[in-house]
Ligand code: ARG
């Protein structure tokens, strides 16, 4: 026998390298609170069904609480030879309260224990992430409402396309984040299922009541199948999928912020507190926060691929492979929380350079489509109108003039249906105001959309 909790059938001590290689305590100690919470619920349930006496359960629960205090005070001695968080805590329990501590593991296995711990932990973290998503959405909505009248160029192919309002652009971001938020809340439903009671893989012979444990831990219900409960990590994959899509969206926002803060665009000023400088170039102020968020997207994608590959082809039920679920999941959580905090703090502080946005929209023939639509209203077929306006733009490029800077005579060279009223449609204000339907960029629509977004957020 060796000194391991499972040492009975072993005839020699574990190889020192194998011990370190197989241990997870280095990273799963962050589950300590949820491991203890799960153990307290398990002991409570065992007492209710008569497997533990009241006195035994109370002693165990007091011991577990004392251990939690030790951990929080930094007084707990972690042992690699005890492999993981579960055996570290159980061994310490018996050291503190004596033999009754050895009864805690009745009717349970580390396989259902660890699955329970991760779900409890992830559920709490999801609630924090959801709060941050709501904070980011609210920041976007309020900034959008404030900038409902601010005109900027809208782009396709990163070339000036048509004028839009800055508020409309911000609400596009808000829509992306809203869908991510919905995906997260949907994922939470499937995280919130109790594996405990599955034991090693087949269930247990004790008269356990899994509904009691589920209720004590706030789970929706016990899992239906013990083999599935201990083995699958699809809920972690689902969270990593949510995180990947979120970071994909945030990388797009980041890319635009990086472009917009450049001198060439000059659409946005990021306050100094969100930027850093250069150790050699004294003039530099770099948008590190959006750049880093863009960069961190890669590691989150990597964790999604890692988790999918980890789970691939695993036979039922639990395999030690699954110990590898934790580091990618934890790093995904840390990364997502960091990126969201940075953005939720930064978005309300964005300072739009309204004049530069307006100037940029004036250049680049952004109202060309409006001129074509004007010709259509005067009876010109759209394809012909397109051709006419194309020629006017070519003329403008040659003369260095925007459409709105041309005289009526100049414009009439290309079509004699053009009249005095053309100048209303060639203004940026006329262009955005004309797109006045649900989902359009008109300032009134942006204000209404911001109000609907606020209402949706407050209904959560
Ligand atoms: N540290 C393990 C993990 O993270 C706990 C479960 C171990 N179970 C076992 N039968 N070895 O997955």
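In full-length UniProt numbering, the protein residues as written are 4 to 463.
Built from N, CA and C at the ideal position, the CB exists for glycine as well.
Beta-bridge partners of residue 155, as assigned by DSSP: 167
Give me the Cα-Cα distance between residue 57 and residue 50, rounded to the nearest whole angstrom. 6 Å
Cβ-heavy atom distance between residue 231 and the ligand ARG below 7 Å? At a cut-off of 7 Å, the beta-carbon of residue 231 does not count as near the ligand ARG: no heavy atom of the ligand is closer than that.
Measure how close the beta-carbons of residue 395 and residue 417 come, nearest whole angstrom, since I'm counting them as under 8 Å. Between residue 395 and residue 417, the beta carbon gap of about 5 Å places them in contact (Cβ cut-off 8 Å).
For residue 114, which residues of its own chain have a beta-carbon under 6 Å away from its beta-carbon, when the five flanking residues on both sides are left out? Cβ within range, chain order: 203, 233, 321.
Within the present structure, is the beta-carbon of residue 361 separated from the nearest heavy atom of the ligand ARG by less than 7 Å? no
Helix or strand or just coil, what does DSSP make of residue 290? coil
Quick check: the Cα distance between residue 467 and residue 116, rounded to an integer number of angstroms? Residue 467 lies beyond the range of the chain shown here (4 to 463); nothing can be said about it.
Which of helix, strand or coil DSSP assigns to residue 92: helix
Looking only at C-alpha atoms, which of 135, 195, 162 sits nearest to residue 184? 135
Rounded separation between residue 156 and residue 367 - CA only: Distance between the alpha carbons of residue 156 and residue 367: 9 Å.
Within its chain, find whatever has a CB closer than 8 Å to the CB of residue 132; leave out the 5 residues flanking it on each side and keep chain order. Shown here for residue 132: same chain residues with a beta carbon closer than 8 Å to its own, the five before and five after excluded, namely 187, 336, 339, 340, 343 in chain order.
Spatial neighbours of residue 164 within its chain, please: CB distance less than 6 Å, with the 5 preceding and 5 following residues excluded, ordered by chain position. 157, 158
According to DSSP, what are the bridge partners of residue 224? 196
Measuring straight from C-alpha to C-alpha, what distance separates residue 61 and residue 351? Between residue 61 and residue 351, the C-alpha separation is close to 50 Å.
C-alpha gap between residue 220 and residue 190, whole angstroms: 18 Å
Do residue 151 and residue 438 have their C-beta atoms closer together than 8 Å? no
Helix, strand or coil, according to DSSP, for residue 271 in the structure here? strand
Anticipated Cβ contact below 8 Å, residue 314 with residue 240, distance rounded: 6 Å
Residue 162 in three-state terms, based on DSSP: DSSP, reduced to helix, strand and coil, places residue 162 within a strand of the structure shown.
Taking only three categories from DSSP, how would you classify residue 372? In the structure shown, the three-state DSSP call for residue 372 is helix.
Going by the DSSP bridge assignment, what does residue 354 pair with across the sheet? 272
Below 8 Å, can you find three or more Cβ-Cβ pairs linking the region 88-99 to the region 24-41? yes
Output the boundary residues of the alpha helix (DSSP H) element that contains residue 329. It spans 329-349 - the alpha helix (DSSP H) in which residue 329 sits, taken as one unbroken run.
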